[in-house]
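Peer 1: Protein chains in written order, with my numbering: chain A, 1 to 84; chain B, 1001 to 1448.
Ideal placement from N, C-alpha and C gives every residue a C-beta, glycine not left out.
#1: Any beta-carbon of chain B closer than 8 Å to the one on residue 25/A?
#2: Are residue 1144/B and residue 1168/B close, meaning C-beta to C-beta below 8 Å?
#3: If we count the other Cβ atoms within 10 Å of its Cβ and call it buried at 16 or more, is residue 1372/B buried or exposed?
#4: Show which residues of chain A have a CB atom less than 9 Å away from the CB atom of residue 1282/B.
#5: Quick test of the definition: if touching needs 3 or more C-beta pairs under 8 Å, does the region 1415-1422 of chain B touch the region 1047-1066 of chain B?
#6: Within 10 angstroms of its Cβ, does residue 1088/B collect 16 or more other Cβ (buried), or is it exposed?
#7: If we define contact as Cβ-Cβ less than 8 Å, is residue 1040/B a contact residue for chain A?
#8: Roughly how many angstroms separate the alpha carbons of residue 1339/B and residue 1316/B, rounded to a whole number?
#9: 8 Å is my cut-off, CB to CB: does residue 1365/B come that close to chain A?
#10: Among the residues of its own chain, which have a CB less than 8 Å from the CB of residue 1074/B, if the five just before and after it don't count?
#11: Which residues bound the beta strand (DSSP E) around residue 1405/B?
#12: Quickly, what does DSSP pair residue 1454/B with across the bridge? List them, please.
#13: Considering only residues of the same chain and omitting the five flanking positions on each side of residue 66/A, which have a CB-CB separation below 6 Å?
#14: Out of 1423/B, 1421/B and 1434/B, which one is the CA nearest neighbour of residue 1409/B?
#15: Please state whether the Cβ-Cβ distance between residue 16/A and residue 1011/B is less than 8 Å.
#16: Ignoring anything shorter than 3 residues or poking outside the region 1201-1281 of chain B, list the beta strand (DSSP E) runs there in chain order.
#17: Which value, in whole angstroms, describes the spacing of the CA atoms of residue 1286/B and residue 1265/B?
#18: Kindly indicate which residue of 1209/B, 1302/B, 1369/B and 1252/B has the alpha-carbon position closest to the one of residue 1334/B.
#19: Between residue 44/A and chain B, is any beta-carbon pair separated by less than 8 Å?
#20: Pull up the distance between the alpha-carbon of residue 1085/B and that of residue 1350/B, whole angstroms please.
#21: DSSP beta-bridge partners for residue 1169/B?
#22: Assign residue 1281/B to one of two classes, buried (16 or more other C-beta atoms within 10 Å of its C-beta) or exposed (fewer than that).
#23: Looking only at its chain, what residues have a beta carbon closer than 7 Å to the beta carbon of residue 1204/B, apart from the 5 residues adjacent to it on each side?
#24: Could you tell me whether the region 1100-1116 of chain B touches the region 1146-1154 of chain B, where touching means 3 or more Cβ pairs closer than 8 Å?
#25: Are there three or more Cβ pairs, one per stretch, closer than 8 Å when the region 1232-1241 of chain B is compared with the region 1254-1274 of chain B?
#26: Can you tell me where the beta strand (DSSP E) holding residue 1368/B begins and where it ends?
#27: For residue 38/A, would you say it is in contact with chain B, using Cβ-to-Cβ distances shorter than 8 Å as the test?
#28: CA-CA distance, residue 1065/B and residue 1041/B?
#29: Put residue 1426/B into one of helix, strand or coil per three-state DSSP.
#30: Please state the DSSP three-state secondary structure of residue 1152/B.
#31: Starting from residue 22/A, find everything on chain B with Cβ-Cβ shorter than 7 Å and list it in chain order.
#32: Here's a check: name, in chain order, each residue in its chain whose Cβ is nearer than 7 Å to the Cβ of residue 1403/B, leaving out the five neighbours to either side.
#33: I think residue 1447/B touches residue 1398/B, with their Cβ atoms under 8 Å apart; what is that distance to the nearest whole Å?
#34: When DSSP builds the beta bridges, which residues end up paired with residue 1100/B?
#35: Assign residue 1305/B to one of two classes, buried (16 or more other C-beta atoms within 10 Å of its C-beta) or exposed (fewer than that).
#36: Smallest Cα separation from residue 1128/B: which of 1177/B, 1175/B, 1186/B and 1366/B?
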């Protein structure tokens, strides 16, 4: 799973898709997740990193991770090669 | 190293288009306490969901209303509208504050009597007054507001049987320039129905006509409509005096003042737009003072406002059951408060606040109740922070009608608390149990 090419993410959480011209705001933990996706980390690795860093249990983090990925897909921001 | 507070990752599309001419949305605030009591602690002790009523807010609101009217008109009497909230503790607060009782059924009448309200200070309204209820009201010298001619003839008959002269008022409906015009209750002003019943009462000699009453609508946003109503009733009272040399003791303008809730479809929040007690008091008092009543002969002005006096004192506390996404990607949050408890969510966009700290990230959220019914929607669209399962929420302005119109549907009704002036909580209505429900049922022998 990859973010689409040319997607720009600022440190302050502004995400811009130059293909569609759409802008998005992302919260800090969302930026972290996007960063890890860019580093080609997979679900297990990302969730483990979040569990290590935040006060939430594995189930919550995994559920919210999937929700976030679904939203990225909903906004057409992902290239989901593995799934396709 | 200590861990960071968790917030779920979220991405939100930034919408362009026309900016809102009224500026950005109001910031959501956390409401962690109600009159000094922690929401979390209250839920832990009394369960979720939980109705909480603030005695402080009730007393300060009725004082504000009284001040607005008493400053402008010399003779004011409030009558507590039982149907708005007839929990005994709530009614007792209003009676302590000097309000009479305004009831619309035999059940409510009996409640008022059981609370020790003097029968002479009970106003009996409504289209259905059973003979036994009317008999009680006549014997107790209550104020009976006649809704239709059938009722008038029943009263005349009962008066003969009981050997008493009932004190009655005529409920009048009228055009006050607002839509829809309420004409289902009482007798019409413009077409002469009101005069017809007044003449019947005066000629019968069997009842004492003491007042004129109207109730022009609900959640009225135009004080000017009350000014028209007051003017018409004043004219009617003066005409009765001229024709029969009979003094009308009071004019009852009913209720209908809005609370601070926001009606669905309203462009701006109710807190910013809905008229205040001062606005209504100014319109009504001016109309009565500008009429031709003599200075020393002004009628008593009775007000039966309910919603505006109790809505803000009611809070409904609940918890998040789950979050999910709709097919369009919209966030759906399910809470344990359904339309069975929050009847008013059908016509208000109730203010919902989280009861724990959160960041400034929000998401457009549809808030569903817990019922297995498609219509169980508390807010179709609310900009809410990122609530997690188990988080608590506070729904505001829920004191009016919800505790009388709530339904025992699918689930049992929860505890109701009153937080007193010293910020001490009191359980004023116990949550229902399965035994309560089953206790009223009977299964025929052949089905056992």
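Peer 2: According to the data block:
#1: Along the first chain, one-based indexing puts residue 25/A at 25. Yes - at least one Cβ of chain B is within 8 Å of the one on residue 25/A.
#2: Indexing the second chain from 1 puts residue 1144/B at position 144. Indexing the second chain from 1 puts residue 1168/B at position 168. Yes; because the gap between Cβ atoms is below 8 Å, this pair is in contact.
#3: As a position in the second chain, residue 1372/B is number 372, starting the count at 1. Exposed: under 16 other Cβ atoms inside 10 Å.
#4: As a first step, residue 1282/B must be located in the second chain, where it is residue number 282. Within chain A, no residue comes near residue 1282/B; the closest Cβ sits about 46 Å away, beyond 9 Å.
#5: Per the Cβ contact rule, the region 1415-1422 of chain B is in contact with the region 1047-1066 of chain B (3 or more Cβ pairs under 8 Å).
#6: Counted from its first residue, the second chain places residue 1088/B at position 88. Label assigned to residue 1088/B: exposed.
#7: Start at 1 with the first residue of the second chain, and residue 1040/B comes out as number 40. Taking CB atoms only, residue 1040/B has no neighbour in chain A less than 8 Å away.
#8: In the second chain, counting from the first residue as 1, residue 1339/B sits at position 339. In the second chain, counting from the first residue as 1, residue 1316/B sits at position 316. Computed Cα separation, rounded: 12 Å.
#9: Taking the second chain and counting its residues from 1, one reaches residue 1365/B at position 365. Not an interface residue.
#10: As a first step, residue 1074/B is located in the second chain; it is residue number 74 there, counting from the start. Answer for residue 1074/B: 1298, listed in chain order.
#11: Taking the second chain and counting its residues from 1, one reaches residue 1405/B at position 405. It is not in any beta strand (DSSP E) - residue 1405/B instead sits in the alpha helix (DSSP H) that spans 1402-1405.
#12: Residue 1454/B falls outside the range modelled here, since chain B spans only 1001 to 1448, and no answer is possible.
#13: To locate residue 66/A, count along the first chain from 1; it is residue 66. Hits under 6 Å: none found.
#14: By 1-based counting over the second chain, the position of residue 1409/B is 409. Comparing Cα-Cα distances from residue 1409/B to each of 1423/B, 1421/B and 1434/B, the minimum goes to 1434/B.
#15: The residue labelled residue 16/A in the question sits at position 16 within the first chain. The residue labelled residue 1011/B in the question sits at position 11 within the second chain. No, these two residues do not count as a Cβ contact at 8 Å.
#16: 1208-1213 and 1250-1252
#17: Indexing the second chain from 1 puts residue 1286/B at position 286. Indexing the second chain from 1 puts residue 1265/B at position 265. Between the alpha carbons of residue 1286/B and residue 1265/B lies a distance of about 32 Å.
#18: The residue given as residue 1334/B occupies position 334 in the second chain. Here the closest residue by C-alpha is 1369/B.
#19: Counting from 1 along the first chain, the entry for residue 44/A is found at position 44. It does not; no Cβ of chain B falls within 8 Å.
#20: Against the second chain, residue 1085/B aligns to sequence position 85. Against the second chain, residue 1350/B aligns to sequence position 350. When rounded, the distance between both Cα atoms is 18 Å.
#21: For the purposes of this step, residue 1169/B is taken as residue 169 along the second chain, with counting starting at 1. DSSP, once it has assigned bridges, lists 1145/B and 1211/B as partnering residue 1169/B.
#22: Within the second chain, numbered from 1, the residue matching residue 1281/B stands at position 281. Residue 1281/B is buried by the Cβ-count criterion.
#23: As a first step, residue 1204/B must be located in the second chain, where it is residue number 204. Excluding residues within five positions, the ones whose Cβ falls inside 7 Å are 1156.
#24: Contact fails between the region 1100-1116 of chain B and the region 1146-1154 of chain B, because fewer than three Cβ pairs, one in each stretch, are under 8 Å apart.
#25: no
#26: Reading the second chain from its first residue, position 368 is the one you call residue 1368/B. Per DSSP, residue 1368/B belongs to the beta strand (DSSP E) from 1362-1368.
#27: Taking the first residue of the first chain as 1, we reach residue 38/A at position 38. It does not; no Cβ of chain B falls within 8 Å.
#28: In the second chain, the residue the question calls residue 1065/B occupies position 65. In the second chain, the residue the question calls residue 1041/B occupies position 41. Approximately 33 Å between the Cα atoms of the pair.
#29: The residue you call residue 1426/B lines up with position 426 of the second chain. Residue state, collapsed to three classes: strand.
#30: Indexing the second chain from 1 puts residue 1152/B at position 152. Residue state, collapsed to three classes: helix.
#31: Translated into the one-based positions of the first chain, residue 22/A becomes position 22. Near residue 22/A (Cβ distances below 7 Å), the residues of chain B are 1013.
#32: As a first step, residue 1403/B is located in the second chain; it is residue number 403 there, counting from the start. Same-chain partners within the cutoff: 1051, 1085, 1087 and 1416.
#33: Within the second chain, the letter at position 447 stands for residue 1447/B. Within the second chain, the letter at position 398 stands for residue 1398/B. In fact, because the Cβ distance is near 40 Å, the residues do not count as touching under 8 Å.
#34: Reading the second chain from its first residue, position 100 is the one you call residue 1100/B. In the DSSP output, where bridge partners are listed per residue, residue 1100/B has 1079/B.
#35: Within the second chain, numbered from 1, the residue matching residue 1305/B stands at position 305. Residue 1305/B should be labelled buried.
#36: For the purposes of this step, residue 1128/B is identified with residue 128 of the second chain, where counting begins at 1. Residue 1128/B has its Cα closest to that of 1186/B, out of 1177/B, 1175/B, 1186/B and 1366/B.
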